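First to last, the protein sequences are chains A and B.
Heads up, the first sequence is in the working numbering, so the first residue is 81 and it goes up one at a time.
Heads up, the second sequence is in the working numbering, so the first residue is 81 and it goes up one at a time.
Beta carbons: idealized from backbone N, C-alpha and C, even for Gly.
Note that the structure is predicted; figures quoted are calculated from it, not measured.
Worksheet: the structure to be examined is printed underneath.
There are 2 protein chains.
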Amino acid sequence: MNITIDTRSRIIAAAKPRFHSRSYANVGIQEICEGAGIQKGSFYHFFPSKRDLVMAVIDEFADEWAHGFVAEAFDPALPPMERIDYLIDAAYFWQKSIKQVHGRMLGCIFGNLTLEVSTQDDILRAKLLAIFTRAKSRFQEALDQAIAGGDIPPLDSALTAEAMLAYLEGVILLAKAQNDPEVLYRLGPAIKTLRIELAQA
Amino acid sequence: MNITIDTRSRIIAAAKPRFHSRSYANVGIQEICEGAGIQKGSFYHFFPSKRDLVMAVIDEFADEWAHGFVAEAFDPALPPMERIDYLIDAAYFWQKSIKQVHGRMLGCIFGNLTLEVSTQDDILRAKLLAIFTRAKSRFQEALDQAIAGGDIPPLDSALTAEAMLAYLEGVILLAKAQNDPEVLYRLGPAIKTLRIELAQA
DNA sequence: CTTGCACTTAACCGATCGGTCAACTATATT
DNA sequence: AATATAGTTGACCGATCGGTTAAGTGCAAG
Chain A
81 MNITIDTRSR IIAAAKPRFH SRSYANVGIQ EICEGAGIQK GSFYHFFPSK RDLVMAVIDE
141 FADEWAHGFV AEAFDPALPP MERIDYLIDA AYFWQKSIKQ VHGRMLGCIF GNLTLEVSTQ
201 DDILRAKLLA IFTRAKSRFQ EALDQAIAGG DIPPLDSALT AEAMLAYLEG VILLAKAQND
261 PEVLYRLGPA IKTLRIELAQ A
Chain B
81 MNITIDTRSR IIAAAKPRFH SRSYANVGIQ EICEGAGIQK GSFYHFFPSK RDLVMAVIDE
141 FADEWAHGFV AEAFDPALPP MERIDYLIDA AYFWQKSIKQ VHGRMLGCIF GNLTLEVSTQ
201 DDILRAKLLA IFTRAKSRFQ EALDQAIAGG DIPPLDSALT AEAMLAYLEG VILLAKAQND
261 PEVLYRLGPA IKTLRIELAQ A
């Protein structure tokens, strides 16, 4: 059973850093196959198309985040607003370590792919949107608990959570434009100043 | 003199909507030549490379913005903080009208290109960064004047301006992920809640 | 009337694109 | 031992990629 799984995961492992550091269109199947040490026919045994591969890559990144930084940051044991600080910190250190190794700020693969493909492929767009929707829920939970605990004044947690997610993506975008993770360090903490009030009844 | 200029600007005119609505890698020279009704050799008479074309396209978009919405929004006659409202409004209506015509939220071409190419081409990255830097200055001027006029409490106008720009780009990204300009309408106004305090002396 | 230059045409370059295919190997089942 | 099936190989597909080139065309200056 393991050979099969191994090949498939080697394909994904070869694809992940390439899609992250370049772009969807700029990475070819052939290069991925070379990276994985397999032949093209073998690739298409496991993935019906390039799009299916990138979907699997998206899932892998999402799992990696969900079980790594995000799980740590949104730890229920932490005070709610500190979770948001933690997430910003984690994003900063992650991007910084990538730059140290790779020499480049690679940014957020979900944001990267969203801007590249979402006008051309609604299935990919839906997949990426689902990732963002889940991320937003994490912010919203933290905000709701912060409000319930009296840590912050009441606000529209759904919209504010979405605004915070947008801000995070935007900060990563600007950091990538400057190839400098320190942008995240300077701008990130201001995420907690974002507020969208509850609409009047 | 006009034939030459006409051909060059027809190339740019054919390229602009294509780069905006798809991506840099996904639009080929051949397609642009067909769109402009010329031959490939003619293209390379005016542009040494595809990259030079996209630089010209970036300039065109930048000029269009600078002399259009941005000039209106950052009108010195407007109260400083209202300029920011105006810009958000303008971005919203622009994206909305694009979607009505094109059926898609295309987002910000500067953001799109930044995430696609900035790890692969430092010259393009520098060009895009210069656009962002100019945009940040507009925000900062408005903030400085708002502070001077007592409209808002003092803050770090350089960092807050950058944060606002990041937020705008992030909101457009999320709107594109949802293919829905209304996201801009809902989240946009919260840009004014962003604050980064002055560092202690 | 000629020379020169800006511009255009259309064929062409090697490389790569995403994807297919038939033949082959290895393993597990009967 | 025979069969079925999962996985693999490597050649191949037509299309397109960014870019080049040689041969023209048309106009303007001398």
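* Separation of Leu209 of chain B from Leu193 of chain B, as counted between CA atoms -> What you label residue 193 of chain B is simply residue 113 of the second sequence in a count that begins at 1. What you label residue 209 of chain B is simply residue 129 of the second sequence in a count that begins at 1. When rounded, the distance between both Cα atoms is 11 Å.
* For Arg218 of chain B, count neighbouring C-beta atoms within 10 Å of its own C-beta (all shown protein chains included) and say buried if the count is 16 or more, exposed if not. => Against the second sequence, residue 218 of chain B aligns to sequence position 138. Counting the other CB atoms within 10 Å of its CB gives Arg218 of chain B a total of 16 or more, which places it among the buried residues.
* Which whole-angstrom value is the C-beta distance of Pro252 of chain A and Gly187 of chain A, which I expect to be below 8 Å? -> Within the first sequence, residue 252 of chain A is the residue found at index 172, counting from 1. Within the first sequence, residue 187 of chain A is the residue found at index 107, counting from 1. The amino acid at residue 252 of chain A is misidentified as Pro; the sequence shows Ile. Contact holds; Cβ gap of about 5 Å.
* To do: Take the Cβ of Ala151 of chain A as the centre, count every other Cβ of all protein chains shown within 10 Å, and call the residue buried at 16 or more, exposed below.
  => Against the first sequence, residue 151 of chain A aligns to sequence position 71. If you draw a 10 Å sphere on the C-beta of Ala151 of chain A, you find fewer than 16 other C-beta atoms in it, and that means exposed.
* Give me the Cα-Cα distance between Gln119 of chain B and Gly115 of chain A, rounded to the nearest whole angstrom. => Working through the second sequence from its first residue, we reach residue 119 of chain B at position 39. Working through the first sequence from its first residue, we reach residue 115 of chain A at position 35. Linking Gln119 of chain B to Gly115 of chain A through their CA atoms gives a straight-line distance of about 38 Å.
* To do: Please decide whether Gly229 of chain B counts as near chain A, where near means a Cβ-Cβ distance under 9 Å.
  => Working through the second sequence from its first residue, we reach residue 229 of chain B at position 149. Among the residues facing chain A, Gly229 of chain B is not included, as its CB has no counterpart in that chain under 9 Å away.
* Inter-residue Cα distance where the pair is Asp155 of chain B and Pro156 of chain A -> Taking the first residue of the second sequence as 1, we reach residue 155 of chain B at position 75. Taking the first residue of the first sequence as 1, we reach residue 156 of chain A at position 76. Roughly 47 Å separates the two Cα atoms.
* To do: If I'm right that Pro291 of chain B touches Asp165 of chain B with Cβ under 8 Å, what's the distance once you round it to whole angstroms?
  => The question about residue 291 of chain B has no answer, for chain B in this structure spans 81 to 281.
* Taking 9 Å as the CB-CB cut-off, is Gly187 of chain B touching chain A? -> In the second sequence, the residue the question calls residue 187 of chain B occupies position 107. Closer than 9 Å to some Cβ of chain A, the Cβ of Gly187 of chain B qualifies, so yes.
* Asked: Can the beta-carbon of Thr240 of chain A be found closer than 9 Å to that of Arg184 of chain B?
  -> Numbered from its first residue, the first sequence carries residue 240 of chain A at position 160. Numbered from its first residue, the second sequence carries residue 184 of chain B at position 104. Cβ distance not < 9 Å, so Thr240 of chain A and Arg184 of chain B don't count as in contact.
* **Residue burial classification, Lys96 of chain A (beta-carbon count within 10 angstroms, cutoff 16)** => Here residue 96 of chain A is taken as the residue at index 16 of the first sequence, counted from 1. Lys96 of chain A sits buried, since 16 or more C-beta atoms from the chains shown fall within 10 Å of its C-beta.
* Would you mind stating whether Ile276 of chain A and Ala228 of chain A have Cβ atoms separated by less than 9 Å? => As a position in the first sequence, residue 276 of chain A is number 196, starting the count at 1. As a position in the first sequence, residue 228 of chain A is number 148, starting the count at 1. Not in contact: Ile276 of chain A and Ala228 of chain A (Cβ atoms no closer than 9 Å).
* To do: With DSSP as the reference, label Asp231 of chain A as helix, strand or coil.
  => Within the first sequence, residue 231 of chain A is the residue found at index 151, counting from 1. In the structure shown, Asp231 of chain A sits in coil (DSSP, three-state: anything other than H, G, I, E or B).
* **Run of the alpha helix (DSSP H) containing Ala279 of chain B, from where it starts to where it stops** => In the second sequence, counting from the first residue as 1, residue 279 of chain B sits at position 199. Segment: none, Ala279 of chain B is in no alpha helix (DSSP H) and carries neither H nor E.
* To do: Determine which residues of the segment 246-260 of chain A have a Cβ less than 9 Å from any Cβ of chain B, and write them out in chain order.
  => Going along the segment 246-260 of chain A in chain order, one finds Ala246, Tyr247, Leu248, Glu249, Gly250, Val251, Ile252, Leu253, Leu254, Ala255, Lys256, Ala257, Gln258 and Asn259 with a Cβ nearer than 9 Å to chain B.
* Asked: Expressed to the nearest angstrom, what Euclidean distance is found between the alpha-carbon atoms of Leu235 of chain A and Met161 of chain B?
  -> Numbered from its first residue, the first sequence carries residue 235 of chain A at position 155. Numbered from its first residue, the second sequence carries residue 161 of chain B at position 81. Rounded to whole angstroms, the gap between the alpha carbons of Leu235 of chain A and Met161 of chain B is 22 Å.
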